[in-house]
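*Asks:* Following the UniProt record's numbering from start to finish, the sequence shown increments by one per residue and tops out at 190. C-beta: ideal position from N, C-alpha, C; glycine also.
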Amino acid sequence: MATALLTSGKETKKRLKTHRTYPGGASGLRARCSFILSHYSYLAAGIAVLLSLVAVGLAPLTVMNKEEITQLSTTLDALKRNQDDMSTTDKALKRNQGDIVTTVDALKRNQDEVSTDDDALKRNQDEVSTAVEALKRNQDDMSTTVDALKRDLDKERSRTAALEQRLQEMSKMLHLIANIIRIEGQNLGP
1 MATALLTSGK
11 ETKKRLKTHR
21 TYPGGASGLR
31 ARCSFILSHY
41 SYLAAGIAVL
51 LSLVAVGLAP
61 LTVMNKEEIT
71 QLSTTLDALK
81 RNQDDMSTTD
91 KALKRNQGDI
101 VTTVDALKRN
111 QDEVSTDDDA
121 LKRNQDEVST
131 AVEALKRNQD
141 DMSTTVDALK
151 RDLDKERSRT
161 AALEQRLQEM
171 SKMLHLIANI
181 IRIEGQNLGP
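#1: Quick check on DSSP: helix, strand or coil for Tyr22?
#2: Can you tell me whether His39 is helix, strand or coil according to DSSP?
#3: Nearest-angstrom Cα distance between Val114 and Thr89?
#4: Alpha carbon to alpha carbon, how far is Asp117 from Ala134? Give it in angstroms, no decimals.
#5: Taking 6 Å as the limit between beta carbons, can you name the residues of its chain near Thr103, skipping five residues before and five after?
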């Protein structure tokens, strides 16, 4: 029996040595487990009461929140529609953005064409200005020519008038000579 006690004493020392790592040792762990097991029915009853209180507290909230849930559901549906609308709007905006890029490119090309047309118009304007200046010089030359022609015409009129006067004088002279010849012819007569 002494060997049995000695052997069991060695095992007890071993057990105590291994259980020293836990606070309270083996007896502390056993004490907690036995406390929980002895009060298990109380714990179960407490949990059941707690759950029933929670259920009783949540039941009115559930009934009261049905309207809010309906409103939230309606709001959620509206938000989904808005999201769909936003998606559609986003796609439309992307298409519009592409159209805007195309329009901007077209406007740049038009601006280049307008710039080219503007340069051509400036060249044409310069050519027109040169032509107008040439026309003014020609007009001045024509005015000078017209003035010279008027002077020449006046000279010719003067000459014509002088010639007409001489012609009249000659005509008068011829009339006189013819009258003299006639008178002489009558005087010489038969």
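*Replies:* To lay it out plainly:
#1: Indexing the sequence shown from 1 puts residue 22 at position 22. Below a pLDDT of 50, predicted positions are generally treated as unreliable, and Tyr22, at 47, falls in that range; no measurement from the model is reported.
#2: Residue 39 sits at position 39 when you count from the first residue of the sequence shown. Coil, per DSSP.
#3: Position 114 of the sequence shown, counted from the start, is the residue given in the question as residue 114. Position 89 of the sequence shown, counted from the start, is the residue given in the question as residue 89. Going from the Cα of Val114 to the Cα of Thr89 covers about 35 Å.
#4: As a first step, residue 134 is located in the sequence shown; it is residue number 134 there, counting from the start. As a first step, residue 117 is located in the sequence shown; it is residue number 117 there, counting from the start. C-alpha separation (whole angstroms): 25 Å.
#5: Taking the sequence shown and counting its residues from 1, the one referred to as residue 103 is at position 103. Within the same chain, Thr103 has no close Cβ partners at all.
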